[in-house]
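Residue numbers (my numbering), protein chains in the order written: chain A, 258 to 598; chain B, 258 to 598; chain C, 258 to 598; chain D, 258 to 598.
The C-beta atom is built at its ideal place from N, Cα and C for all residues, glycine as well.
Because the structure is a prediction, the values reported are computed rather than measured.
Number of protein chains: 4
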Amino acid sequence: MRAVRLHGYHQDPVVEEVPEPTVSGPLDVVVKIGGAGVCRTDLHIIEGQWDAAMGPALPYTIGHENAGWVHEVGSAVTNVAVGDTVILHPTPTCGLCRACRAGQDMHCSESSFPGLSHDGGMAEYLLTSARACIKLDSSTKPEDVAALADAGITAYHAVRKAVPLLYPGTICVVVGAGGLGHIGVQCLSALTATRIVVVDRNPDALKLAEQLGADETVVADGAHVDAVKDLTGGEGADVVLDFVAEQGAENEGFTMTRPAGSYYVIGYGGELRIPTLDVISTERNIVGNIVGTYNELAELMVLAQAGKVTLHTKTYPLDAAVEALHDLDAGNVRGRAILVP
Amino acid sequence: MRAVRLHGYHQDPVVEEVPEPTVSGPLDVVVKIGGAGVCRTDLHIIEGQWDAAMGPALPYTIGHENAGWVHEVGSAVTNVAVGDTVILHPTPTCGLCRACRAGQDMHCSESSFPGLSHDGGMAEYLLTSARACIKLDSSTKPEDVAALADAGITAYHAVRKAVPLLYPGTICVVVGAGGLGHIGVQCLSALTATRIVVVDRNPDALKLAEQLGADETVVADGAHVDAVKDLTGGEGADVVLDFVAEQGAENEGFTMTRPAGSYYVIGYGGELRIPTLDVISTERNIVGNIVGTYNELAELMVLAQAGKVTLHTKTYPLDAAVEALHDLDAGNVRGRAILVP
Amino acid sequence: MRAVRLHGYHQDPVVEEVPEPTVSGPLDVVVKIGGAGVCRTDLHIIEGQWDAAMGPALPYTIGHENAGWVHEVGSAVTNVAVGDTVILHPTPTCGLCRACRAGQDMHCSESSFPGLSHDGGMAEYLLTSARACIKLDSSTKPEDVAALADAGITAYHAVRKAVPLLYPGTICVVVGAGGLGHIGVQCLSALTATRIVVVDRNPDALKLAEQLGADETVVADGAHVDAVKDLTGGEGADVVLDFVAEQGAENEGFTMTRPAGSYYVIGYGGELRIPTLDVISTERNIVGNIVGTYNELAELMVLAQAGKVTLHTKTYPLDAAVEALHDLDAGNVRGRAILVP
Amino acid sequence: MRAVRLHGYHQDPVVEEVPEPTVSGPLDVVVKIGGAGVCRTDLHIIEGQWDAAMGPALPYTIGHENAGWVHEVGSAVTNVAVGDTVILHPTPTCGLCRACRAGQDMHCSESSFPGLSHDGGMAEYLLTSARACIKLDSSTKPEDVAALADAGITAYHAVRKAVPLLYPGTICVVVGAGGLGHIGVQCLSALTATRIVVVDRNPDALKLAEQLGADETVVADGAHVDAVKDLTGGEGADVVLDFVAEQGAENEGFTMTRPAGSYYVIGYGGELRIPTLDVISTERNIVGNIVGTYNELAELMVLAQAGKVTLHTKTYPLDAAVEALHDLDAGNVRGRAILVP
């Protein structure tokens with residue numbers, strides 16, 4: 258089959274032929290890929306940022322955001338059958354550790370992360386586990402929902418954690434209205450009545466955000482921290498969801514919170530530099546966020562099916578993977594780029 | 258009356274005569290001080306660290322940790338009467354803002370902080386508000402409990418916020434077993450069944466911590482981060498309560514947390530420097546903490562009255578305030594120094 | 258001034274002349290009434306249901322749902338001034354007890370309930386406290402928002418408590434789409450993405466509910482418990498909000514919940530009869546609800562101002578109070594009846 | 258093997274020979290029983306109370322509270338191995354439904370309940386699932402801990418849910434200091450600083466409760482509701498944990514709560530009869546409780562290993578099962594009766 262393979266850091270991956278995966282364990286599932294999202298994390302992988310944490314053996318197939326159809330199942334799989342349309346939670350889990358038994362899939366002590374730790378889903382087929390599969394209505398087109406598998410679940414997870422803080426009268430700032438952010442805005446709109454302020458460098462992204470539920474938008478032009486302060490009566494926001502968190506956005510994001518406010522880190526790449534006095538004197542919080550739980554992905558699919566979250570995507574054939582990665586890097590993708598094998 | 262007055266930053270305060278405060282507003286209360294705690298924050302005040310945030314007009318009376326007896330009350334005061342023994346919440350509040358109406362006293366939009374923003378309680382008398390007064394049993398000696406008014410409430414507040422994270426089988430690291438930390442250990446012991454690991458430079462402080470409920474102690478000798486990792490099966494702690502948060506302890510503290518763990522900043526003076534990748538890849542949290550709520554101080558008094566929290570104090574006459582400050586700075590105080598006017 | 262006075266249980270109240278109230282305490286506020294809601298509780302008061310709990314001295318002025326303009330203030334009032342448009346939290350509170358200090362206004366140990374325990378607001382003027390006043394935009398017409406002061410806050414409070422249970426994919430049944438229920442449906446729609454099923458005897462009430470956000474409606478015609486089971490895949494609802502809770506609705510409401518579900522009692526008048534085996538075998542909850550907190554009323558005003566909660570009201574002159582009560586009793590009021598003095 | 262079999266309701270079970278269970282599915286585990294607890298639910302089963310809910314085919318083996326040693330494992334079992342000492346969560350679960358994926362084992366949509374729905378563990382061997390097994394230190398004697406598998410987890414689960422309500426200064430009433438209650442008292446003592454008041458008919462049970470952490474005890478002699486009111490300043494308890502909930506205790510239990518208080522139903526057999534007015538006027542809650550989660554059982558084992566929860570048991574040989582059941586029914590068991598095959 259064709260697959261998008263990384264042979265070395267700081268160089269473009271290569272689309273090439275590799276053997277198809279097959280089922281061996283009783284809970285294994287092979288999925289025929291219908292859509293594979295292209296994520297900023299793929300750029301970070303290519304830059305080597307994830308090498309220390311994940312240590313994949315090169316070359317390997319990238320891609321961690323997938324939907325498709327069940328192609329083959331292990332002997333003990335009961336929740337899906339061959340032919341089912343499925344979206345895949347990004348991290349197959351053991352089901353037996355403390356975190357799994359608490360529903361905290363993303364903290365499974367035995368979890369793997371296809372596309373980061375080993376072969377992922379920018380390919381025709383992907384080997385995953387029954388525990389990663391969420392069955393969808395057969396009418397669903399995988400390419401239409403694939404971006405929910407990672408961008409979606411991550412944005413939804415952060416928003417859902419913030420819901421108790423976002424009662425009517427509060428203000429939530431969303432930094433970055435790209436692949437994750439444009440989903441985050443819709444989740445905020447579906448789950449809260451907070452006032453949504455979106456910050457982005459790109460005026461087109463802000464236009465999209467407005468259509469999706471933003472109450473106010475701010476161009477990130479250097480004066481945006483002050484602009485946010487002005488919009489919040491000089492106080493700052495109750496919650497800042499930072500989908501960028503690099504190139505200085507991370508410290509600006511913390512600054513935009515109000516006393517007792519919370520700064521949610523979702524993007525990455527930068528370094529926080531914050532005096533502990535600033536953390537304690539107004540009792541603010543910095544909250545880490547990674548992909549969400551299996552149930553959260555299922556909840557997000559309910560929102561998607563109800564039309565409350567819609568994806569803005571641009572599709573590419575699998576063989577155009579490198580072009581899609583370059584477009585993303587150049588800021589030329591509104592919403593999410595999706596490879597269709 | 259005699260009072261401990263700061264005339265300039267980076268110099269010792271002076272014990273001198275000033276006029277006694279009197280009641281003017283309907284909710285005003287004047288308290289005759291029975292005990293005034295000496296806090297590391299007083300050292301930070303003298304260093305000028307709080308000038309930007311609080312901007313007190315010099316000279317002024319420091320001291321923000323007080324208990325005593327009600328001396329005079331305004332016309333609308335109903336919760337205490339002249340002669341009552343009281344402990345004082347450190348921040349008199351307006352009672353009408355959103356934060357007050359939510360019980361979040363420390364986030365009152367109109368709050369003042371006697372001893373930081375204006376005249377405090379290292380003096381014979383202190384002007385405060387009915388809303389700051391908690392009535393105690395008349396047999397209570399103010400000097401025995403004064404340290405609960407700030408050190409106590411701050412430690413208790415942080416512990417109480419962490420309780421939901423500290424179910425049986427978890428590990429909580431306490432960094433710093435001094436004025437606040439030695440109370441924090443007792444609060445953890447009273448409110449949770451977590452395994453308590455205490456880290457401090459001073460072996461005497463660790464001995465005290467063991468008597469108060471620490472399950473393990475670690476000397477902060479440079480190898481302590483590794484020692485904590487070893488004690489936690491290589492994983493790190495579920496919660497780290499950092500009562501130091503300066504001189505590098507702050508970044509060590511974050512490092513000691515496990516995936517999905519939480520780092521509570523309580524001390525201050527240092528600067529956090531943390532890559533956003535480290536915050537998101539394992540979804541960790543940094544939680545700010547300041548003095549707690551009025552109700553939390555009341556709860557802590559219940560623990561104290563039940564003998565579940567006991568203070569280790571060293572008393573000084575009011576005129577020896579500078580000596581007490583110097584002793585604290587030199588690390589020569591086990592538990593808390595208390596001035597008795 | 259004119260006031261609606263109850264002289265005896267089981268008889269119509271009388272509209273008659275009484276002296277105007279005046280300010281005496283420092284936090285007292287006299288409000289000129291612009292709108293006074295007529296509530297099913299007023300019918301229950303007339304039936305004597307609240308006599309044991311509240312024990313008002315007859316005759317007294319009923320009415321516990323008010324908005325208007327500040328007419329006179331006590332010496333220590335700082336949050337409102339004469340002329341301000343205000344909506345009134347139904348229970349003036351002491352501000353000093355544990356419940357008040359926790360923001361739980363409805364559990365104030367010293368609270369009074371004008372209109373239930375003593376003179377209320379079906380009158381030209383009402384004596385209340387600064388702590389009950391929420392300042393509104395001067396363009397707001399009190400008669401347009403008065404129903405939020407009790408019907409609104411009660412519905413909002415119950416919904417807000419249920420929000421954590423109502424993630425996407427859940428089902429919430431609303432029993433009763435009258436004065437409270439029609440607000441509850443809008444609050445659910447604003448704060449959650451749950452599927453909303455509304456049950457009522459009256460087809461017109463169901464039509465209104467559909468316009469306000471109900472996803473499904475069920476006529477309470479005797480087959481409604483089965484109809485709800487069918488709509489929920491035979492399982493029952495995650496949450497049932499029962500705005501009726503009398504005449505058998507209370508036991509039907511509990512029956513409509515699914516395993517691990519929660520039954521919220523908001524209406525009253527009936528008697529629950531439930532085997533403890535049914536409570537434990539599927540671990541279900543029965544949750545009491547009374548008027549909400551001051552902050553919740555403020556939050557609701559934000560929703561109202563944003564147009565997310567709109568009231569359906571029918572106005573009557575104050576002198577037509579008895580007619581309004583009769584209309585309510587006869588089921589002839591869609592939404593809420595409002596007296597305008 | 259020998260097993261305790263129920264052939265008909267309202268008659269004693271019979272100890273007789275049956276075939277040993279064997280592994281068939283990949284996650285199956287056969288456990289050699291080391292201890293099987295005797296529970297009031299076994300009496301209720303014999304009375305037919307669970308027939309409608311569970312519908313077991315008679316005859317079948319009762320017993321739902323077990324610990325022992327792994328005897329045989331299916332092909333996909335990775336968390337335990339033959340020879341391991343284990344305690345068993347009472348309900349083997351599917352691991353794939355919404356509830357399982359949220360860690361809510363007791364709400365698994367595919368769960369079975371050995372001993373209630375089919376063959377249980379009053380026998381030499383029991384067939385269960387890998388998902389039910391918690392590995393223990395090899396030095397643990399199963400008969401010493403078996404009672405934690407159901408009595409323990411149920412008491413712990415209720416206490417853990419109540420922890421957020423039981424801050425210092427609160428009062429928790431425990432009704433019934435038998436098999437579950439005597440564990441509940443210890444869990445309260447380990448996890449909270451609440452004041453513990455224990456109510457029981459039996460003075461010996463109260464003596465045991467005092468040794469285990471009760472602050473006050475009240476003989477259930479008819480005047481106990483008033484006695485509890487007196488002990489709580491006339492207000493009632495913040496939380497009542499009712500381990501009886503039959504023969505009138507259920508309505509007394511609700512009555513013992515204070516305004517805004519919560520009544521936890523754990524025992525069963527009676528019928529609640531409560532006016533909805535009493536539920537809403539003071540906003541009280543009725544909280545159902547069933548066996549807890551897998552993780553909660555693991556947490557409880559931590560408390561047991563730390564000596565914070567100790568069991569009071571009386572052992573019987575398996576062949577004396579009927580005698581043990583009769584002793585329990587007659588109130589002649591302090592703590593828990595355990596069958597040792």
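Beta-carbon of residue i versus every beta-carbon of chain D: anything under 8 Å?
i	result
residue 369/C	no
residue 549/A	no
I think residue i touches residue j, with their Cβ atoms under 8 Å apart; what is that distance to the nearest whole Å?
i	j	result
residue 492/A	residue 499/A	Wrong, their Cβ atoms sit about 18 Å apart, outside the cutoff.
residue 297/A	residue 436/A	7 Å
residue 457/D	residue 434/D	4 Å
residue 417/C	residue 448/C	7 Å
residue 342/D	residue 393/D	5 Å
residue 537/B	residue 522/A	5 Å
residue 453/A	residue 378/A	Contact flag wrong, Cβ pair sits at about 32 Å.
Can you tell me where the alpha helix (DSSP H) with residue i in it begins and where it stops?
i	result
residue 357/C	355-358
residue 551/D	551-562
residue 533/B	533-537
residue 282/D	Where residue 282/D is concerned, there is no enclosing alpha helix (DSSP H), given that its DSSP letter is neither H nor E.
residue 442/B	438-448
residue 417/C	408-419
residue 461/C	460-469
residue 274/D	Here residue 274/D belongs to no alpha helix (DSSP H); instead the beta strand (DSSP E) covers 271-274.
residue 311/D	308-311
residue 399/A	399-402
So, is the C-beta of residue i closer than 8 Å to a C-beta in chain B?
i	result
residue 559/D	yes
Check the DSSP bridge columns for residue i and list the partner residues they point to.
i	result
residue 289/A	326/A, 382/A
residue 572/B	595/B
residue 294/D	595/D
residue 390/A	345/A
residue 375/C	371/C
residue 452/D	428/D
residue 499/A	432/A, 522/A
residue 542/A	519/A, 544/B
residue 261/A	272/A
residue 475/B	456/B
Using a beta-carbon distance below 8 Å, is residue i in contact with chain A?
i	result
residue 353/D	yes
residue 283/D	yes
residue 360/D	yes
Beta strand (DSSP E) containing residue i: first to last residue?
i	result
residue 515/A	514-522
residue 434/D	Looking at the DSSP string, residue 434/D is not in any beta strand (DSSP E), and its letter there is neither H nor E.
Mind checking if residue i is an interface residue toward chain C, Cβ cutoff 8 Å exclusive?
i	result
residue 426/A	yes
residue 363/D	yes
### Message
Under 8 Å, CB to CB, which of the residues in the segment 527-556 of chain B have a partner in chain C?
### Response
Against chain C - using a Cβ distance shorter than 8 Å - the residues of the segment 527-556 of chain B are 550, 551, 552, 555.
### Task
Can you give me, in chain order, the residues of the segment 308-342 of chain C that have a beta carbon less than 8 Å from any beta carbon in chain B?
Here the close residues are 332, 333, 335, 336.
### Message
Beta carbons nearer than 8 Å to chain D: which residues of the segment 431-456 of chain B have them?
### Response
Of all residues in the segment 431-456 of chain B, 447, 448, 449, 450 have a Cβ within less than 8 Å of some Cβ in chain D.
### Query
Which of the residues in the segment 565-595 of chain D, read from start to end, lie with their CB under 7 Å from any CB of chain B?
Within the segment 565-595 of chain D, the residues whose Cβ lies closer than 7 Å to some Cβ of chain B are 565, listed in chain order.
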